[in-house]
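K.L.:
Shown below is the structure under consideration.
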Amino acid sequence: MPSANRRTAALKRTVECRTQLEETLRSKLASQREEHARLEAQRDAKREAVRHESDLLQAYRDRIARMMCGDEAFSLADMNASMRYTEIVEERLRECERELAEAEQVVRAHEDEVAATIRAIAGNRGRIDLCKERIEDIGRTCMNAANDIADEEAEEAVLARMRLAARPAV
13 MPSANRRTAA LKRTVECRTQ LEETLRSKLA SQREEHARLE AQRDAKREAV
63 RHESDLLQAY RDRIARMMCG DEAFSLADMN ASMRYTEIVE ERLRECEREL
113 AEAEQVVRAH EDEVAATIRA IAGNRGRIDL CKERIEDIGR TCMNAANDIA
163 DEEAEEAVLA RMRLAARPAV
């Protein structure tokens, strides 16, 4: 029994420590989710910038095409300015696409961190449950042992009374 009490106490202490760890992990997860939402918003802003620059580039390419086909009156200076501006927009678009790729990579890396925290919480919860089950098993074992002892004592008392009753009176 003293050994069982020590094991039970140790398991209860483990449950307490793991419960504190779970609280820490859950608060970490909450902050990670907030950070993840912020990172996704940044990524979405980069995606919108790419879309805007792509639309602008297409508009200037369409304008140049109309100038070259004669659909739109133009001067050589306008044509050259449009072509130079198209090059600038292409460069901005490449930069926006690079920033978007980096933002997507950051979001994916952060998703991995969130998943690792969720796995840590699940593993910790499993260990807590195992410790609680073990505490219950030890309690049942102690209760069964105490019941067995009580049954044996009751049986011995009944046998002793039967022997006394079976003795001839002197």
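So in the numbering used here the end of the sequence shown lands on 182, straight run, no missing numbers. The C-beta atom is built at its ideal place from N, Cα and C for all residues, glycine as well.
Which of the three DSSP states, helix, strand or coil, is assigned to Ala85?
P.N.:
Note: Ala85 maps to coil in three-state DSSP.
K.L.:
Under the three-state reduction of DSSP, which class applies to Arg179: helix, strand or coil?
P.N.:
Correct three-state label for Arg179: coil.
K.L.:
What's the C-alpha gap between Ala85 and Glu102?
P.N.:
Between Ala85 and Glu102, the C-alpha separation is close to 24 Å.
K.L.:
What separation, rounded to the nearest whole angstrom, lies between the Cα atoms of Asn92 and Ala77?
P.N.:
Distance between the alpha carbons of Asn92 and Ala77 is about 13 Å.
K.L.:
Is it buried or exposed for Leu23, if we count other Cβ within 10 angstroms and need 16 for buried?
P.N.:
Burial call: buried.
K.L.:
Taking buried to mean at least 16 other C-beta atoms within 10 Å of its own C-beta, is Arg50 buried or exposed?
P.N.:
When all chains shown are included, Arg50 counts as exposed.
K.L.:
Here's a check: name, in chain order, each residue in its chain whose Cβ is nearer than 7 Å to the Cβ of Arg19, leaving out the five neighbours to either side.
P.N.:
Hits under 7 Å: Ile150.
K.L.:
Could you tell me if Ala115 is buried or exposed, where buried requires 16 or more neighbouring beta carbons within 10 angstroms of its beta carbon?
P.N.:
With 16 or more Cβ atoms within 10 Å of its Cβ, Ala115 is classed as buried.
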